[in-house]
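FYI, in mature numbering (1 follows the signal peptide of the UniProt record, and there is no 0) the residues of the sequence shown are -19 to -1, 1 to 390.
For glycine and all other residues, C-beta sits at the position ideal for the given N, C-alpha and C.
Notes for the one structure printed next.
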Amino acid sequence: MRSTLILIMMCIALLSADSAVNWTVDDNTVPESLLDLMRNNYYSNDEIQKAVFWAYKFQYDVISEYNGRVFDVESPLEYFNDVLILPKTKASSINSNIIFENNTVSGLTDFNSNNVVIQWSQDQVSTKITWKELQIVGKYTFVDEWKYVTGKYQIFVENVVYQTNTPLSKNTELYPSSAPNSAISYRKFRTTFTEHYSIQDEFSAARYVLEDVFLGHIADYTLKVTRKNVTSAIRAAVQPYVQYRNRSDPHFPATTDRLDDGRSFTVSDLFVDGLDTALQKVNAVWTEPSTGAVMIAVGHTLHNLSGTFNLRVVSGVAELQQPVRLIDFSMDRINLSITYDILRPNCFCLATVQVYKATTWPRGDRDDVAGYLPQVTAAFTNTIKNHLSVGTCATIVKTSKYGTNNGCQ
């Protein structure tokens, strides 16, 4: 019976997790969408180029942040507590004080909507949560020159809206610690006080503690609780754009070639480590005068790569046949220079790859491959170049919302 109850509770928790974040991407803020939007509003080419450059810069900053770790285990989402403790507060007037204590707000889990919207070109994440009603309850003490009255109070706050924008790029470093006063609003509130016939200025006092104290604490709490939800939304939104998804990649293709002595060799099971060093930056955006196409130049830099591959040398002469050898390698740096048509990357995308200081050596004590290892190194380096150049353009085409909708001429 107990195990059944635990299982039911786990299922409820999972259902809550599925519905806790409703994230979307504002398609009008995707960098490539700016071209038509701005052209239709008669912006100049220079204005369009600057806007597109910055939109892509923001996007590539986020991509670089998640290179090599987009599949890391996510932090658990945080959820609202239905009851939040609010601070003891004093509302003062000329002739009296009202002290509010044992204050709590309930109804936070019963929100009407919870929406997280990724806005690429604005470099921000917009979070909006709405509640039909929140209820604040507690004890009060009214003190003036003639009276000392204690009792209970209730404040019912209707149509509460929390809305704020947080950074998209550098979200981890720049996520705010407190919400601005403008982050939370409401339509109206009503109050009930026991012993209300004895209290002066109860409405103005309630409005003061609500607007100047309680709502600010509710907004700060909401900002804190939604932080991991915002991070999860960013991770999900950027994932299709991240080419180097893990630190390591075992999916590089095999290659076959011939040595100078006529024997063939195969490089297989190529494993590359260190892809989390990838830095991706936008270098330039410009318009081609002859065609009107808007082009973008992007650079990728990967430092200190290492890994292994299997080398098999095949010969028709049994005496020259060699067992499969495990080869270690390192690369000081790889640079990719990519140029593509923003609206038609399926028609034009050029990626050139430069590998600097590739070094290979056999695993173990035997050194029976030294004579031809430079040839093998050149072959496997070309494999890496081809794989990265083809894969980079394929990723760009796949993630473009407009690239497959425009015919090539």
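Alpha carbon to alpha carbon, how far is Glu114 from Ala214? 26 Å
Lys133 versus Thr175: straight-line alpha-carbon distance, rounded: 6 Å
Shortest alpha-carbon distance to Thr173 belongs to which of Leu149, Gly119 and Ser158? Gly119
Return yes when the Cβ of Glu139 is within less than 8 Å of the Cβ of Lys169, no when it is not. Closer than 8 Å, so yes.
CA-to-CA distance, Thr111 to Val130, given in whole angstroms: Answer to the nearest angstrom: the Cα atoms are 35 Å apart.
Rounded straight-line distance, which links the Cα of Pro326 to that of Val378: 6 Å
Please specify which runs of the alpha helix (DSSP H), each continuous and at least 4 residues long, are wholly inside the segment 159 to 226, giving them in chain order. 183 to 189, 196 to 206 and 208 to 219
Kindly list the residues whose CB is nearer than 7 Å to the CB of Ala339, restricted to its own chain and excluding five residues on each side of it in sequence; keep chain order. Phe310, Met312, Thr358 and Thr362
Using DSSP bridges, identify the partner residues of Thr320. Beta-bridge annotation (DSSP): Thr320 is paired with Ala278 and Leu331.
Give the C-beta separation of Ala36 and Pro57 to the nearest angstrom, bearing in mind that I take them to be a contact with Cβ-Cβ under 8 Å. Actually they are not in contact, since the Cβ atoms of Ala36 and Pro57 sit about 32 Å apart, beyond 8 Å.
Reducing DSSP to helix, strand and coil, say where Trp35 ends up. helix
Nearest to Phe39 by alpha carbon, out of Lys109, Asp104 and Gln224? Asp104
Are the CB atoms of Val43 and Val194 within a distance shorter than 8 Å? No; because the gap between Cβ atoms is not below 8 Å, this pair is not in contact.
Quick check: what's the CA-CA separation for Asn152 versus Asn95? Their backbone Cα atoms lie some 19 Å apart in a straight line.
With Leu260 as the anchor, note down where its beta strand (DSSP E) starts and where it stops. Where Leu260 is concerned, the enclosing beta strand (DSSP E) stretches over Leu260 to Thr268.
If we ignore side chains and look at the alpha-carbon of each, how far apart do Ile136 and Ser74 end up? The straight-line gap from Cα to Cα measures roughly 20 Å.
Proximal residues to Asp250 (C-beta, below 8 Å), its chain only, five neighbours per side dropped: Within the same chain, Cβ atoms closer than 8 Å to the Cβ of Asp250 are found at Pro231, Ala235, Thr289, Phe290 and Asn291, the five residues on either side in sequence being excluded.
Under the rule that 16 or more other beta-carbon atoms within 10 Å means buried, what is Glu46, buried or exposed? buried
Sort Val142, Leu317 and Ile165 by Cα distance to Leu369 and report the nearest one. Leu317
Would you report the Cα separation of Gln100 and Asp8, rounded to the nearest angstrom? One C-alpha to the other measures close to 8 Å.
Identity of the residues DSSP links to His232 by a beta bridge: DSSP links His232 through a beta bridge to no other residue.
Rounding to the nearest angstrom, what Cα-Cα distance links Ala72 and Thr108 in this structure? 32 Å
Whole-angstrom distance between Thr147 and Tyr156, CA atom to CA atom: Spanning the two alpha carbons is a distance of roughly 6 Å.
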